[in-house]
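Asks: Okay, here's the structure, questions in a sec.
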């Protein structure tokens, strides 16, 4: 293969090299697979030692090369090896990951073994036409990260911070919303040890009803609020029954206590700490770069794993349904071992959202790839949705029978297929694809990532960026110098409303610091852009230690919900003084007018646009999210142009097929046996690129093998008869034409890639301002906050 330039810009995954199915020898022809084929999902099946994990890692590396983000569920700890890719391949890079026990067993110093491993990896990559520059390109293109949900060590994820409301489209889909609610509640109950039937369990029905009640109103729901509403639901009937008849208060209290015990346990803190389980942020960086995120769950017990996987799948469904439809591959979900999560007979909480993804994700450009040791681990409905099968070594004849049953429509005789499966060795796979006309046997390539083996939770800490451990307080309380506080509250006119923030812990004596809290609703309207957005603002100004009111520009976000504040001061409170001009006011009307003027002059709805594409960001869409949408749009435009290229080149390909076949038949007729000194590399590479891009019908492996054989025959015939020489020259010319066609195609694809590169489409920022009449619902109060000597 002449190098990565032959396929990198074609959106092709380089997975390995094709093998001759009879001899098992490599053909030299790289296996290139269109990444968009994975929108119809895929499965990798193989016993332990088959190379299944290595193929999965190669697949994810290719996703990174093509800027396709991926979520990788890792139940065994193997997929974190993706973070062990070293662009310089230095021994020092490998040294921390060398097993000291293995080094001792081999009688070598760890540093020596690290140097040998680095050299082995460099040689291995070179033998598969890869080098340091490809690793560097992968790391530059995509960010790699690993998370450890449910663990205080590592990099935790806040899974239960909130139950996010789905969008209107999903709420309108009765089957979809039922699946989402049922699986969410089932996973939550499984976490507390309750196995519940969605149709019979009172616990399940009550929690589902509460969740659905808030989701239909577009409200997210915290776990704490959910538990509170178990005791006091926001409805009086469940179905045809009064609430108290269906689920009496005393029994609801038992469920509430069970859920609360989990929330109150120290182990639960790991589920609500860390970064939020936000699919968009997991898939993309703030500036729009794709991410490959490994979600390591090897440290969790079975119920915790089920809970997390179900929550993740639910969030992915919700995120997916908010995306625009796409025929391009926009994102991947990969699970390294599916056993127990998608069985054919049982119905664990993870099964329904997984099936929903397999049925619907294609329309949104989301691909799902599942790996397993045994086909019996997968539900037959799921297998029916798999367009790509990669089958490695199987343990028993029964396993092969199950696979053969699934490949009944593969277009190859069953006995022949069984023989192919029986002869597979390590790292060799049978690729059966709905996008190819016949199965292909291939050997998976050498991966760029160092395959250390399972990475433990303790070792994962080395792969996680250092967290900020600075001593910044979590609260702005007790800022500024403290002035002597008065024991009596300031005398304010009745028109000036006051609110008191309750202290986080009971205190005998508390000093209250004054703030001016202001809220308003602001509407941003632009008919031409179809924008009509209202936003609520809650801000506040510090009032203590000032003689006069400060500038509005010093306002900060108000962290307190007015509904949680009281109109009564805590007993025994002391008060820091108010500014003199505020104490002299009869009302806050003048300040409200001044506040509205400040909002009018300062508020802007910031938006972005790509003028060339006439594409603008939506209200609330960050620059990073807009860049992601821009990249998706450019990918779709490029794909549309690639389809046109495919149509143009297919006719040329078919003509070449006829010439190759005719020349091949002629040479084989004249001379059948010979040894080759002809170079076949150009034929293999050119045909691989054309075959992967245009389809494999014309340039099949059989045709190419016979053509190469004909070239070998012609080599000997050159010394024997002129007619064979002419046939050989004809075949050689067909090869040259093939190379020229591949080069021509590559040049056009390169031009397309450059034309639709995101960096060619710079963003502009612009803003919308509110009208004065669109600033309303103004409300100002004096807010008293406990001035605590410690952060909260």
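Residue numbers (my numbering): 369 to 1160. We treat Cβ as the ideally placed atom computed from N, Cα and C, and that holds for glycine.
1) Using 8 Å for Cβ pairs, my map puts residue 1020 next to residue 1109. What's the rounded Cβ distance?
2) Report buried or exposed for residue 935, applying the criterion of at least 16 other Cβ atoms within 10 angstroms of its Cβ.
3) Below 8 Å on the Cβ atoms is my guess for residue 937 versus residue 880; work out the distance and round it to an integer in Å.
4) How close, in whole Å, do the beta carbons of residue 708 and residue 732 come, if the pair is a contact with beta carbons under 8 Å?
5) Are the CB atoms of residue 727 and residue 551 within a distance shorter than 7 Å?
6) Whole angstroms are fine: how far does the CA of residue 498 sit from the CA of residue 908?
7) For residue 929, which option in 944, 885, 626 has the closest C-alpha, if you only look at C-alpha atoms?
8) Identify, in the order they occur along the chain, each residue of the same chain with its Cβ nearer than 6 Å to the Cβ of residue 623, setting aside the five sequence neighbours on each side.
9) My parser needs the alpha helix (DSSP H) runs of 4 or more residues fully inside the stretch 780-810; what are they?
10) When the Cα of residue 1135 is compared with those of 1004, 1114, 977, which residue comes out closest?
11) Short of 7 Å in beta carbon distance, which residues of its chain neighbour residue 517, apart from the five on each side in sequence? Order them along the chain.
12) According to DSSP, residue 1153 sits in a beta bridge with which residue or residues?
13) Cutting at 8 Å between CB atoms, please list the residues of its own chain near residue 964, excluding the five before and the five after it.
14) Does the beta-carbon of residue 531 have 16 or more other beta-carbons within 10 angstroms, so that it is buried, or is it exposed?
15) Would you decide whether residue 801 is buried or exposed? Buried here means 16 or more other CB atoms lie within 10 Å of its CB.
16) For the pair the stretch 732-748 and the stretch 763-776, tell me if three or more CB-CB distances fall below 8 Å.
17) Quick check on DSSP: helix, strand or coil for residue 394?
18) With DSSP run on the structure shown, which of helix, strand or coil describes residue 961?
19) Going by the beta-carbon positions, is the gap between residue 440 and residue 702 smaller than 7 Å?
20) Using the Cα positions of residue 1062 and residue 1014, report the straight-line distance between them to the nearest angstrom.
21) Report, in whole angstroms, the separation of the C-beta atoms of residue 995 and residue 760, which I expect to be a contact under 8 Å.
22) Measuring CB to CB, does residue 553 end up less than 7 Å from residue 630?
23) Short of 6 Å in beta carbon distance, which residues of its chain neighbour residue 838, apart from the five on each side in sequence? Order them along the chain.
24) Residue range of the beta strand (DSSP E) that residue 660 falls in?
25) Just grab the DSSP bridge partners of residue 442 for me.
26) Note down the Cα distance separating residue 639 from residue 382, rounded to an integer number of angstroms.
27) Is residue 1007 helix, strand or coil by DSSP?
28) Looking only at DSSP bridge pairs, what is residue 758 linked to?
29) Quick check: the Cα distance between residue 513 and residue 578, rounded to an integer number of angstroms?
30) With a cut-off of 8 Å, do at least 3 Cβ pairs link the stretch 383-396 to the stretch 801-811?
31) When the Cα of residue 506 is compared with those of 536, 473, 451, 486, which residue comes out closest?
32) Using a Cβ-Cβ cutoff of less than 8 Å, which residues in the same chain neighbour residue 429 once the five nearest sequence positions on both sides are dropped?
33) For a test of the three-state rule: what should DSSP assign to residue 904, helix, strand or coil?
34) Among the residues of its own chain, which have a CB less than 6 Å from the CB of residue 471, if the five just before and after it don't count?
35) Is residue 689 near residue 537, with beta carbons less than 7 Å apart?
36) What's the C-alpha gap between residue 947 and residue 637?
Replies: The answer reads as follows:
1) By one-based count along the chain shown, residue 1020 stands at place 652. By one-based count along the chain shown, residue 1109 stands at place 741. About 6 Å; that satisfies the 8 Å criterion.
2) One-based indexing of the chain shown puts residue 935 at position 567. Burial state of residue 935 is exposed, judged by a 10 Å Cβ sphere holding fewer than 16 other Cβ atoms.
3) Position 569 of the chain shown, counted from the start, is the residue given in the question as residue 937. Position 512 of the chain shown, counted from the start, is the residue given in the question as residue 880. Rounded, the Cβ-Cβ distance is 7 Å, consistent with contact.
4) Sequence index remark: in the chain shown, residue 708 carries index 340 (1-based). Sequence index remark: in the chain shown, residue 732 carries index 364 (1-based). Between residue 732 and residue 708 the Cβ distance is about 27 Å, and since that is not below 8 Å, they are no contact.
5) The residue given as residue 551 occupies position 183 in the chain shown. The residue given as residue 727 occupies position 359 in the chain shown. Their beta carbons are not under 7 Å apart, which means residue 551 does not touch residue 727 by this criterion.
6) On the chain shown, position 540 is the one that residue 908 refers to. On the chain shown, position 130 is the one that residue 498 refers to. Cα to Cα, residue 908 sits roughly 58 Å from residue 498.
7) Sequence index remark: in the chain shown, residue 929 carries index 561 (1-based). Distances from the CA of residue 929 to each of 944, 885, 626 were compared; the closest alpha carbon is that of 885.
8) Sequence index remark: in the chain shown, residue 623 carries index 255 (1-based). Excluding residues up to 5 positions away in sequence, 571, 598 lie with their Cβ nearer than 6 Å to the Cβ of residue 623 in the same chain.
9) Segments of the alpha helix (DSSP H) lying fully in the stretch 780-810: 782-790.
10) Here residue 1135 refers to the residue found at position 767 of the chain shown. Of 1004, 1114, 977, the smallest CA-CA separation from residue 1135 is found for 977.
11) One-based indexing of the chain shown puts residue 517 at position 149. Once the five neighbours on either side are set aside, the close Cβ partners of residue 517 are 524, 525, 527, 663, 665, 676.
12) Within the chain shown, numbered from 1, the residue matching residue 1153 stands at position 785. For residue 1153, the pairing in a beta bridge is given by DSSP as 881.
13) Here residue 964 refers to the residue found at position 596 of the chain shown. The answer, listed in chain order, is 888, 1140, 1143, 1146.
14) Numbered from its first residue, the chain shown carries residue 531 at position 163. It is buried - the Cβ of residue 531 has at least 16 other Cβ atoms within 10 Å.
15) One-based indexing of the chain shown puts residue 801 at position 433. Per the 10 Å Cβ criterion, buried.
16) Remark: three or more beta-carbon pairs, one from each stretch, lie closer than 8 Å, so the stretch 732-748 and the stretch 763-776 are flagged as touching.
17) As a working note, residue 394 is residue 26 in the chain shown. In this structure, DSSP gives residue 394 an extended state, which the three-state scheme calls strand.
18) In the chain shown, residue 961 corresponds to position 593, counting from 1. For residue 961, the three-state secondary structure derived from DSSP is helix.
19) Numbered from 1 along the chain shown, position 72 holds the residue referred to as residue 440. Numbered from 1 along the chain shown, position 334 holds the residue referred to as residue 702. Contact check for residue 440 against residue 702 passes: the beta carbons are separated by less than 7 Å.
20) As a working note, residue 1062 is residue 694 in the chain shown. As a working note, residue 1014 is residue 646 in the chain shown. Looking at the two C-alpha atoms, the distance is approximately 6 Å.
21) For this step, residue 995 is matched to residue 627 along the chain shown. For this step, residue 760 is matched to residue 392 along the chain shown. The pair is not a contact, with the Cβ atoms about 38 Å apart (cut-off 8 Å).
22) The sequence position of residue 553 within the chain shown is 185, counting from 1. The sequence position of residue 630 within the chain shown is 262, counting from 1. Result no, Cβ atoms of residue 553 and residue 630 do not sit closer than 7 Å.
23) The residue you call residue 838 lines up with position 470 of the chain shown. Here the model assigns residue 838 a pLDDT of 38, short of 50, so the residue's position is not dependable and the matter cannot be decided.
24) Stepping through the chain shown from its first residue, residue 660 is reached at position 292. From DSSP, the beta strand (DSSP E) with residue 660 extends over 659-664.
25) To locate residue 442, count along the chain shown from 1; it is residue 74. According to DSSP, which records beta bridges pairwise, residue 442 is partnered with 664.
26) Stepping through the chain shown from its first residue, residue 639 is reached at position 271. Stepping through the chain shown from its first residue, residue 382 is reached at position 14. When rounded, the distance between both Cα atoms is 38 Å.
27) Your numbering for residue 1007 matches position 639 in the chain shown. DSSP places residue 1007 within a helical segment (H, G or I) once states are collapsed to three.
28) For the purposes of this step, residue 758 is taken as the residue at position 390 of the chain shown. The beta-bridge partner set that DSSP reports for residue 758 consists of 412, 799.
29) In the chain shown, residue 513 corresponds to position 145, counting from 1. In the chain shown, residue 578 corresponds to position 210, counting from 1. Rounded to the nearest whole angstrom, the C-alpha separation of residue 513 and residue 578 is 35 Å.
30) With a cut-off of 8 Å, the stretch 801-811 and the stretch 383-396 count as touching, because enough Cβ pairs lie within range.
31) Residue mapping note: residue 506 aligns to position 138 of the chain shown, counting from 1. The residue among 536, 473, 451, 486 with its C-alpha nearest the C-alpha of residue 506 is 451.
32) As a first step, residue 429 is located in the chain shown; it is residue number 61 there, counting from the start. The answer, listed in chain order, is 450, 453, 506, 815, 816, 817.
33) Counting from 1 along the chain shown, the entry for residue 904 is found at position 536. Shown here, residue 904 sits in a strand according to DSSP, grouped into three states.
34) Here residue 471 is taken as the residue at index 103 of the chain shown, counted from 1. Closer than 6 Å at the Cβ level, and outside the excluded window around residue 471, lie 478, 481.
35) Position 321 of the chain shown, counted from the start, is the residue given in the question as residue 689. Position 169 of the chain shown, counted from the start, is the residue given in the question as residue 537. Yes.
36) In the chain shown, the residue the question calls residue 947 occupies position 579. In the chain shown, the residue the question calls residue 637 occupies position 269. For residue 947 and residue 637, the distance between alpha carbons rounds to 42 Å.
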